[in-house]
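Novice:
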Amino acid sequence: MKSRFIVTPSLCTGCRTCELACSFTHAQDGKIGRSRIYPLDGGFKDLYVPVVCLQCEDPACVKSCLVNAIHFNENTGAYEINPEICVGCMACVAACPFGCSLFDTQQNLVIKCDLCGGDPVCAHFCPSKALTYKPIAT
Amino acid sequence: MTHKLDKLPEIFARHPQDPSSLIMVLQDIQQEYRYLPCEALLQTASVLGVKLSKVFSVATFYNAFGLAPKGEKVVRICVGTACHIRGGALIKDQIEHHLGIKAGQTTGDMKFSIEVVACVGACAMAPVVIVNDKYHGEVSVGNATRLLKG
Amino acid sequence: MRIVKPKQLEQLAAGYRKTAGKHKKTVTVCCGTGCLAKGAQKIVDAFEECLNRRKVKDFDVEAVKKTGCHGFCEQGPLVVIEPQGIFYTKVKPKDIESIIEKSIENDEVIEKLLYTNPQDGRKIEKYSDIPFYSHQRRIALRNVGKIVPSDIREYIAVDGYKALAKVLTTMTPDQVIDEITKSELRGRGGGGFSAGKKWRTCRNVAADVRYVICNGDEGDPGAFMDCSIMEGDPHSVLEGMIICAFAVGAKQGYIYVRDEYPLAGIRLQKAIAASEEYGLLGDKILGTDFSFSIRLSRGAGAFVCGESSALMRSVAGEVGEPRAKYIHSVVKGLYDLPTVLNNVETFVNVPVIINSGADWFKKIGVAKNSGTKAFSLVGKVRNTGLIEVAMGTTMREIIYDIGGGIIDGRTFKGVQTGGPSGGCLPETQLDLPVDFDSLTKAGSMMGSGGMIIMDDKTCMVDVARYFLNFLVSESCGKCVPCREGLYQLHKLTEKICEGNGTEEDIEKMEKLSQQIVVGSLCGLGKSGPKPLLSTIKYYRDEYLAHIRDKKCPAGVCKNLIAYRVIPETCTGCMACVNACVYQAITGRKKEPQVINPDICQKCGACAAVCKYNAIEVS
Amino acid sequence: MVTMTINGKLARAKEGEMLLAVLRREKIDIPALCHHEAVEPYGGCRLCMVEITKKEWAGGKNMVTSCLYPVEDGLIIQTHTTDLIELRKTILDLYLARCPNTPAIQDLAAQYGVTQTSYEPVTDPDDCILCGLCTRICDRMGFGAISAVNRGHSREIAPPMKNAPPDCVGCLACALNCPTNHIKYSDRGFTREIWGRKFDLVRDAKTGQPTITKEFADYLSKHSDIPRDYFELKDESHRRETALSLGKIAIWNREVPQ
Numbered sequence: 000m001k002s003r004f005i006v007t008p009s010l011c012t013g014c015r016t017c018e019l020a021c022s023f024t025h026a027q028d029g030k031i032g033r034s035r036i037y038p039l040d041g042g043f044k045d046l047y048v049p050v051v052c053l054q055c056e057d058p059a060c061v062k063s064c065l066v067n068a069i070h071f072n073e074n075t076g077a078y079e080i081n082p083e084i085c086v087g088c089m090a091c092v093a094a095c096p097f098g099c100s101l102f103d104t105q106q107n108l109v110i111k112c113d114l115c116g117g118d119p120v121c122a123h124f125c126p127s128k129a130l131t132y133k134p135i136a137t
Numbered sequence: 000m001t002h003k004l005d006k007l008p009e010i011f012a013r014h015p016q017d018p019s020s021l022i023m024v025l026q027d028i029q030q031e032y033r034y035l036p037c038e039a040l041l042q043t044a045s046v047l048g049v050k051l052s053k054v055f056s057v058a059t060f061y062n063a064f065g066l067a068p069k070g071e072k073v074v075r076i077c078v079g080t081a082c083h084i085r086g087g088a089l090i091k092d093q094i095e096h097h098l099g100i101k102a103g104q105t106t107g108d109m110k111f112s113i114e115v116v117a118c119v120g121a122c123a124m125a126p127v128v129i130v131n132d133k134y135h136g137e138v139s140v141g142n143a144t145r146l147l148k149g
Numbered sequence: 000m001r002i003v004k005p006k007q008l009e010q011l012a013a014g015y016r017k018t019a020g021k022h023k024k025t026v027t028v029c030c031g032t033g034c035l036a037k038g039a040q041k042i043v044d045a046f047e048e049c050l051n052r053r054k055v056k057d058f059d060v061e062a063v064k065k066t067g068c069h070g071f072c073e074q075g076p077l078v079v080i081e082p083q084g085i086f087y088t089k090v091k092p093k094d095i096e097s098i099i100e101k102s103i104e105n106d107e108v109i110e111k112l113l114y115t116n117p118q119d120g121r122k123i124e125k126y127s128d129i130p131f132y133s134h135q136r137r138i139a140l141r142n143v144g145k146i147v148p149s150d151i152r153e154y155i156a157v158d159g160y161k162a163l164a165k166v167l168t169t170m171t172p173d174q175v176i177d178e179i180t181k182s183e184l185r186g187r188g189g190g191g192f193s194a195g196k197k198w199r200t201c202r203n204v205a206a207d208v209r210y211v212i213c214n215g216d217e218g219d220p221g222a223f224m225d226c227s228i229m230e231g232d233p234h235s236v237l238e239g240m241i242i243c244a245f246a247v248g249a250k251q252g253y254i255y256v257r258d259e260y261p262l263a264g265i266r267l268q269k270a271i272a273a274s275e276e277y278g279l280l281g282d283k284i285l286g287t288d289f290s291f292s293i294r295l296s297r298g299a300g301a302f303v304c305g306e307s308s309a310l311m312r313s314v315a316g317e318v319g320e321p322r323a324k325y326i327h328s329v330v331k332g333l334y335d336l337p338t339v340l341n342n343v344e345t346f347v348n349v350p351v352i353i354n355s356g357a358d359w360f361k362k363i364g365v366a367k368n369s370g371t372k373a374f375s376l377v378g379k380v381r382n383t384g385l386i387e388v389a390m391g392t393t394m395r396e397i398i399y400d401i402g403g404g405i406i407d408g409r410t411f412k413g414v415q416t417g418g419p420s421g422g423c424l425p426e427t428q429l430d431l432p433v434d435f436d437s438l439t440k441a442g443s444m445m446g447s448g449g450m451i452i453m454d455d456k457t458c459m460v461d462v463a464r465y466f467l468n469f470l471v472s473e474s475c476g477k478c479v480p481c482r483e484g485l486y487q488l489h490k491l492t493e494k495i496c497e498g499n500g501t502e503e504d505i506e507k508m509e510k511l512s513q514q515i516v517v518g519s520l521c522g523l524g525k526s527g528p529k530p531l532l533s534t535i536k537y538y539r540d541e542y543l544a545h546i547r548d549k550k551c552p553a554g555v556c557k558n559l560i561a562y563r564v565i566p567e568t569c570t571g572c573m574a575c576v577n578a579c580v581y582q583a584i585t586g587r588k589k590e591p592q593v594i595n596p597d598i599c600q601k602c603g604a605c606a607a608v609c610k611y612n613a614i615e616v617s
Numbered sequence: 000m001v002t003m004t005i006n007g008k009l010a011r012a013k014e015g016e017m018l019l020a021v022l023r024r025e026k027i028d029i030p031a032l033c034h035h036e037a038v039e040p041y042g043g044c045r046l047c048m049v050e051i052t053k054k055e056w057a058g059g060k061n062m063v064t065s066c067l068y069p070v071e072d073g074l075i076i077q078t079h080t081t082d083l084i085e086l087r088k089t090i091l092d093l094y095l096a097r098c099p100n101t102p103a104i105q106d107l108a109a110q111y112g113v114t115q116t117s118y119e120p121v122t123d124p125d126d127c128i129l130c131g132l133c134t135r136i137c138d139r140m141g142f143g144a145i146s147a148v149n150r151g152h153s154r155e156i157a158p159p160m161k162n163a164p165p166d167c168v169g170c171l172a173c174a175l176n177c178p179t180n181h182i183k184y185s186d187r188g189f190t191r192e193i194w195g196r197k198f199d200l201v202r203d204a205k206t207g208q209p210t211i212t213k214e215f216a217d218y219l220s221k222h223s224d225i226p227r228d229y230f231e232l233k234d235e236s237h238r239r240e241t242a243l244s245l246g247k248i249a250i251w252n253r254e255v256p257q
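Going line by line, the protein sequences match chains A, B, C and D. Reminder that position 56 of the first sequence reads as 55 in numbering that gives the first Met the number 0, one-by-one numbering, no gaps. Reminder that position 97 of the second sequence reads as 96 in numbering that gives the first Met the number 0, one-by-one numbering, no gaps. Reminder that position 189 of the third sequence reads as 188 in numbering that gives the first Met the number 0, one-by-one numbering, no gaps. Reminder that position 98 of the fourth sequence reads as 97 in numbering that gives the first Met the number 0, one-by-one numbering, no gaps.
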């Protein structure tokens, strides 16, 4: 059974708890990571949209990676960047039409949402349930 | 210095046009022009489908190739073991001094180039100096510079 | 003509022998590199010119054969009159007329062209009686110097391709491999790995495509055996390779020829074309279902390409950089496919083993080191040249019986074998039998077979420095111990040669050497410190003389020597003044000359031209 | 699955893995300067050598390069024997002679107690340790813009003919993965310079900020089948655009997408 992020912009308050959760979850060697999720202005008053990788069917990030550093994780349904293989060329960062591959200047890594190993922490922490991670019928 | 590179198509035609021919093609170009002109490397890269950087890498890795034009007479001094212990190094020093250039260089008037080569397989007549493919055996410091004349 | 049945091969051989037999005599002129440099071509031209002028009964130009190297390069140009086997040395074009008149038209021998035995001053008439040849046993070099390398019929006439016919018609690939394994033939390229085992491993790898490569790179400076074989008997190399290909199941082969051997390349190319024309190479060899073709691959001057993985990359047109391998190239070689790589001499032994049998071959040589080994005997030895002896022959026999001892009656100091991967052995090791295992045990190695003799005028520190310099310039530069380590070793030897070394430097070099041996990626680095270590081991005194006394006992290291004119002996002939390109010598005619030590570059030109031995080195 | 003993502790590994990967996973501090998972193992720096043996080898030992040695069941591995430490010291000492002023080398050498080279330092040193990572990564990405030239001690890394490299797209992968930061580049305004070649950077259509080079964008859209206009925005602008378009859908639908 596949799971997906369910984003309900009308419920999002832009509180950025998801961002914090993401950063802390991806902390490494005592440094917090850069968030992979951003609640951004939806263009209308008080409308926020949490923007996060949708794990596309035919992802531009994977196609753009010339060293094959991005692999699909069968167990979680996430496309994950292997930091050991990644050479930091920024091709995927430039290629993703949703801007969901990004560069973490602190940890010096190209990053993207990895669904936290199948159970995204951001969804747990969303106080307004604007962001949930649920099984969907395929 | 410009070179007519009209021999290149003929050279390319002699070999299968794939990357494995790179060394053979460069050998033929070197033989024809006595060095590897820059433009020839560019053409080789595109004809054989090899990256230019790889062509350059091969051209600088092997002793047989040179990227600078050679003098009229190429003086190759063997410094193989047999030649060395029979005084090959002294002959090299002397020829270098005589022509005022070091091994690997060419005189300003493009008359002479000196090259050292590690064994040409003529050890029995050491020390050996080859002037434009003519082998001179048992060269001594007394007669080395005479080989450069005539 | 295309041979489609083995029987035709026999007919061809017999036919050619008959045609050749119409000449009452044949003349072979050595056209090896050494003799060519000494004017062998002019000898051939002189024969032609002379025979055009005068008619000789049962003899014409066709009976004058341009052959490969006879081996005795020291005495070239060489001319042999067969069937008597009269051996003429140092022949000049003007001698040809009288050779034809006396030795061909008549049965006279020209005394002055005969070889003089230096031991007793006696003239020796026949090839086989000369000590240089009589102590040899020629298998790999069996045809070199006897046949015309550019004519395939010459090879066929001496039972060439007979082994191939035997293999294709009466043996299975497994039987071939068994025979080679039983013969205990070991790779002649240096390592001495069993050829049969290698072939077996290759055959056992599951693969559709396999390759056979002949290593004709022979990069060791001071070695030219393989060169002579490729130039003088190219077809036997091809035959060995074809048999190997049949045994392991390969369809494509390559011969990797060293760039410095242009003639070898030309001869091989010609041989490939001829054997293809005769149906001995290419599709459906000798009318059977077996097909195999050979491509020539020219090296471009890199010693490291003698290393198997580097060679294979070079064959593929890339930079000859070795790949570290925990999987052997016989399993994963050229283009990652199973590949048999043997050197020239190894392949040349194959047809003989097939024809005469493994048991016969095993009787030659010593246990586990069967057969013979070709060497190039060079350096400060009287009879320089190409030789082949049974394995287990001692150094002493080679140097004194065959080589005739040291030049100018000087004393023997050492012999270097194995090239830059080998070592120097001193007088105490002279009775060492020459075979793979004994040499390795003594701290040297067989290598491809260069044997460089050194006398008391050879400085062993300089020899170590020389080899390190060679290796520094030949290292591919991929791994650190070899690239940086050998460079530092070379710097240290230079320091000692210049008289600035310390005793700690010796220790430092030994320590660094050990790490280079352990740490390097390929054979070049792993064995690179061997020449240094062996000279430190056997000639430590000489190192100490450079360090403690600031003296080079052999008078080689420039910083530690001085040239001086002995006033009492100098006649003032001024020869040295003219010879000195640095203008360091001054003096008046008929008066003793003076060398200015500040200008003198110690090139030794003065001493070389001085007829009165009036210049001494101290 | 294979089981091995590393410094006395059991460790498991997947068939086909190299020893170094396992050592790293087991958090064993083993230096390696020429290794990167994106490219084939190289075996150039020789620092990752380890000692291996097996029960059935009857005391026989072997020193192997862990980055190249495939795992084998029953291997007994030692990573810090006296011999290995001595070897690494020597190698670092040699590195220091080549790169006496390079911080990355100084630091690593200091970890092994080598603070100064005992050999003759080269005159005119630079920071290049010839690990070949730059050229191998460049090859791996399909550009092959730079290569090793010459050989032995005179080996160096350079673009063809030492001129501006025609096959370079200015992706910076070489510079970013250089263990000693030897490869220099500069980004000034909308110009990037590396290997003596100048590149124009794509200008983000919304914010005007620079992104990747035009050449790299062209290459990616051509070879990876990605619409060229994807590259006209920076990731940040892409996110903003995404939020705006999803916001619109949400408003139109009065509620939620999906």
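We put the CB at the ideal spot given by N, CA and C, even for glycine. Everything numeric in this text was worked out from a predicted model, so none of it was measured.
I think C:L267 touches C:I254, with their Cβ atoms under 8 Å apart; what is that distance to the nearest whole Å?
Specialist: Along the third sequence, read from residue 1 onward, the residue named residue 267 of chain C stands at position 268. Along the third sequence, read from residue 1 onward, the residue named residue 254 of chain C stands at position 255. Right, their Cβ atoms sit about 6 Å apart.
Novice: Just to make sure I have the definition right: I need the residues of chain C whose C-beta is within less than 7 Å of the C-beta of D:R97. Which are they?
Specialist: Within the fourth sequence, numbered from 1, the residue matching residue 97 of chain D stands at position 98. The contacting residues are E483.
Novice: Excluding sequence positions up to five away, which residues of its chain have a Cβ less than 8 Å from the Cβ of D:K8?
Specialist: Residue mapping note: residue 8 of chain D aligns to position 9 of the fourth sequence, counting from 1. In chain order, E25 place their CB closer than 8 Å to the CB of D:K8, counting only its own chain and leaving out the 5 sequence neighbours on each side.
Novice: Using the beta-carbon count (16 or more within 10 Å), is A:Q27 buried or exposed?
Specialist: Here residue 27 of chain A refers to the residue found at position 28 when the first sequence is read from its first residue. Exposed, because fewer than 16 other Cβ atoms sit within 10 Å of the Cβ of A:Q27.
Novice: Tell me, please, which residues DSSP counts as bridged to C:N214.
Specialist: For this step, residue 214 of chain C is matched to residue 215 along the third sequence. In DSSP, C:N214 forms a bridge with C:Y255, C:N342.
Novice: Could you list the residues in the stretch 577 to 595 of chain C with a C-beta less than 9 Å from some C-beta on chain B, going in chain order?
Specialist: A578, V580, Y581
Novice: Rank D:Y94, D:M62, D:F189 by C-alpha distance to the C-alpha of D:T258 and give the top, closest one.
Specialist: As displayed, chain D neither begins before 0 nor continues past 257, which places residue 258 of chain D out of reach and without an answer.
Novice: Let me make sure I understand the geometry here. Which of C:K372, C:C213, C:Q118 has the alpha-carbon closest to that of C:Q251?
Specialist: Translated into the one-based positions of the third sequence, residue 251 of chain C becomes position 252. Selected option, being the one with the closest Cα: C:C213.
Novice: Could you tell me whether the Cβ of B:N184 comes closer than 8 Å to any Cβ of chain C?
Specialist: Outside the shown range of chain B, which is 0 to 149, sits residue 184 of chain B, and nothing can be said about it.
Novice: With a Cβ-Cβ cutoff of 8 Å, do C:G413 and C:L424 count as a contact?
Specialist: Residue 413 of chain C sits at position 414 when you count from the first residue of the third sequence. Residue 424 of chain C sits at position 425 when you count from the first residue of the third sequence. Using a Cβ distance threshold of 8 Å, C:G413 and C:L424 count as a contacting pair.
Novice: Can you list the residues of chain D that B:L98 reaches, using a CB-CB cut of under 8 Å?
Specialist: Translated into positions along the second sequence, residue 98 of chain B becomes position 99. B:L98 does not reach chain D, its nearest Cβ partner there being about 23 Å away, counting only Cβ pairs nearer than 8 Å.
Novice: In this structure, how does DSSP classify A:Q106 when only helix, strand and coil are distinguished?
Specialist: Within the first sequence, the letter at position 107 stands for residue 106 of chain A. Look at A:Q106 here: in three-state DSSP terms it is coil, with no helix or strand label.
Novice: So, with DSSP's three-state summary, where would you put C:M459?
Specialist: Within the third sequence, numbered from 1, the residue matching residue 459 of chain C stands at position 460. Residue state, collapsed to three classes: helix.
Novice: List the endpoints of the continuous alpha helix (DSSP H) containing B:F60.
Specialist: Sequence index remark: in the second sequence, residue 60 of chain B carries index 61 (1-based). From DSSP, the alpha helix (DSSP H) with B:F60 extends over 51 to 60.
Novice: In chain order, what residues of the same chain lie with their CB nearer than 8 Å to the CB of D:P256, ignoring the 5 residues before and after it?
Specialist: The residue you call residue 256 of chain D lines up with position 257 of the fourth sequence. With a pLDDT of only 46 at D:P256, under 50, the local geometry of the prediction cannot be trusted, and no value is derived from it.
Novice: Indicate whether at least one CB of chain E lies closer than 8 Å to the CB of D:H237.
Specialist: Of the chains in the structure shown, none is chain E; the protein chains are A, B, C and D.
Novice: Out of C:N105, C:Y581, C:I98, which has the shortest C-alpha to C-alpha gap to C:K111?
Specialist: Locating residue 111 of chain C in the third sequence gives position 112, counting from the first residue. Among C:N105, C:Y581, C:I98, the Cα nearest to that of C:K111 belongs to C:I98.
Novice: Residues in its own chain within less than 7 Å of A:A93 by CB, not counting five upstream and five downstream?
Specialist: Within the first sequence, numbered from 1, the residue matching residue 93 of chain A stands at position 94. The beta carbon of A:A93 sits closer than 7 Å to no other beta carbon from its chain once the five residues preceding and following it are set aside.
Novice: Between B:I84 and chain C, is the shortest Cβ-Cβ distance under 8 Å, so that the two count as touching?
Specialist: Here residue 84 of chain B corresponds to residue number 85 of the second sequence, with the count starting at 1. Yes, because at least one Cβ of chain C sits closer than 8 Å to the Cβ of B:I84.
Novice: Tell me, please, whether the stretch 502 to 513 of chain C touches the stretch 475 to 491 of chain C by the rule of three or more beta-carbon pairs shorter than 8 Å.
Specialist: yes
Novice: What are the boundary residues of the alpha helix (DSSP H) that A:C112 is part of?
Specialist: Along the first sequence, one-based indexing puts residue 112 of chain A at 113. First-last for A:C112: undefined, no H or E at that position.
Novice: Ends of the alpha helix (DSSP H) at C:K494?
Specialist: Position 495 of the third sequence, counted from the first residue, corresponds to residue 494 of chain C. 485 to 496 is the extent of the alpha helix (DSSP H) around C:K494.
Novice: Which residues share a DSSP beta bridge with C:Q415?
Specialist: Taking the third sequence and counting its residues from 1, the one referred to as residue 415 of chain C is at position 416. C:Q415 is bridged to C:C423, C:I451.
Novice: Consider the Cβ of B:M0: report whether some Cβ of chain D lies at a distance smaller than 8 Å.
Specialist: Indexing the second sequence from 1 puts residue 0 of chain B at position 1. Per-residue confidence for B:M0 stands at a pLDDT of 46, beneath the threshold of 50, marking its modelled position as unreliable; the derived number appears in the next sentence. Not an interface residue.
Novice: Below 8 Å CB to CB, which residues in the same chain sit around B:K72 once its five sequence neighbours on both sides are set aside?
Specialist: Counted from its first residue, the second sequence places residue 72 of chain B at position 73. So the list reads K110, F111, S112, V130, N131, L147, once near-sequence residues are dropped.
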